[in-house]
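Each remark here refers to the structure printed beneath this line.
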Amino acid sequence: MGRVQRIWIDERETPAGLGALTRIRSFSEIRDGVLTPLQRLKDQYQDAKILYSHSNPAFQKTFFERNPKIAEYDEREVDLIIKPEEFLPWKSIQAVGKNIDIDLESNKDLRKWVRKLKVKSGDFHIVGKSKHAHIHPSAKIYPGVVIDVTSGPVIIDKDVKVTSFSFLEGPLYIGQGTHIDNARITGGTTIGNVCRIGGEVGDSIILDFTNKHHEGFLGHSVVGSWVNLGALSTTSDLKNNYGVVKIREEGTEVNTGSIKFGSVIGDFSKIGIGVMLNTGTVIDFGCNVVSPRVSGYLHPFVWADGQPYILDSFLRDSRKIMARRNRELSHSESELIRILYETKVHK
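Plus 21 on top of the position in the sequence shown (first one is 1) and you've got my numbering.
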């Protein structure tokens, strides 16, 4: 096969299972290792031209604003086509460990951190070879933290804080500015930037600016950005009969092919204190969930009493939440949300 010069990210159709996570972002922008699939493509094929297409012009416009170096697909022949079917949540979770290894191998800067790592008596403890713990010099690791690298590397990025009595097992990536407080994190997990994580997390993908700061279990799940999981909220990731997990999304049932799968939680959704999410629950974009037990599929913008979240209230609340992290919705993202609301709530 010749050199890859033209890559087409074809997102004209979104398969069931990815809808809740791709309301305002592309599947290629969901971090599934140290990097996103899009960043990984750029790393692996540095000289290639990347092209993109989506069926929604407003979505496509927003994508190009975030990624100005990517061009619209021009109907000409390409060398490589990337489609969302290979990035369904359960596939992405299974690929986290492999992706962390790939990303680590291609990133010389990450490997340089090891040389600056000095484990002193009374500080945190590494189980396994310390060369597999990649800790940015600006990260703060408190005494009493255990980092287990026997099953894979642990990568702790810039300005991360990990407080005492946390247990971190590789393969694991923790994004910039994230705080880990008294947490147990196991399996292949990737956590985005500026998150607040506590309790138990295993085999999960957590995107940027999401909080799960208290006790409760999150397993085999994918959680979007700007999500808040209240204290003692918990996902089930295994059925009592050990059956294969199926999920529902907008009337379509999808077989995950796995007996271990938890939940999908879309951007800007809030999960109340003590909420139990049954195996295979899908919470779509902008929901506020307070029922003690939830299962199946929740449509976008479902409010606590089953009524829709008023759009202007949602936008006001979201801007207030984002301002706490010095972020704001772009005009095009706000328009995408308005279109989603009109399509899903007032159809």
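C-beta: ideal position from N, C-alpha, C; glycine also.
Item, Value
"Distance between E50 and R24 (C-alpha atoms, nearest Å)", "24 Å"
"C-beta contact flag for L39 and F84 at 9 Å", "no"
"Where the beta strand (DSSP E) containing Y94 begins and where it ends", "Unbroken run through Y94: none, as it is neither H nor E."
"One or two residues paired with K161 in a DSSP bridge", "K182"
"Beta-carbon contacts of T364 that lie in its chain and below 7 Å, excluding the five residues immediately before and after", "none"
"Per-residue burial, Q26 [other beta carbons within 10 Å of its own, 16 or more giving buried]", "exposed"
"Identified DSSP bridge partners for V303", "V285 and Y318"
"Own chain, CB closer than 8 Å to F230, minus 5 neighbours either side, in chain order", "G213, N214, V215, C216, S246, W247, M343, R346 and R348"
"Distance between beta carbons of A204 and G191, contact taken as under 8 Å", "Rounded, the Cβ-Cβ distance is 15 Å, inconsistent with contact."
"Rounded straight-line distance, which links the Cα of G272 to that of L361", "17 Å"
"Segment contact flag, the stretch 170 to 182 with the stretch 71 to 82, C-beta cutoff 8 Å, min 3 pairs", "no"
"Of the residues V181, G208 and S185, the one placed nearest G198, counting alpha carbons only", "V181"
"8 Å Cβ shell around S142 - same chain, five flanking residues per side excluded", "Note that S142 scores a pLDDT of 46, beneath 50, so its modelled location is shaky; the value from the coordinates is reported in the next line. If we look at S142 and ignore the five residues flanking it on each side, it has no Cβ neighbours."
"Of the listed residues F188, G237 and L228, nearest to S290 (C-alpha basis)", "L228"
"Cβ separation of D124 and V55, assumed to be a contact under 8 Å, to the nearest whole Å", "4 Å"
"Rounded straight-line distance, which links the Cα of G209 to that of L357", "32 Å"
"Nearest to I304 (by Cα), restricted to the options V244, P313, I201 and V366", "V244"
"H19 burial status per 10 Å Cβ neighbour count (16 or more: buried)", "Past the boundaries of the shown model lies residue 19; the chain is included only from 22 to 368, so the question cannot be answered."
"Coarse secondary structure for S142, derived from DSSP in three states", "Reliability of the predicted coordinates at S142 is poor, the pLDDT of 46 falling under 50, and the value obtained from them is presented with this limitation in mind. Correct three-state label for S142: coil."
"Residue interval of the alpha helix (DSSP H) (run including W111)", "P110 to S127"
"Nearest-angstrom Cα separation, counted from I206 out to E236", "12 Å"
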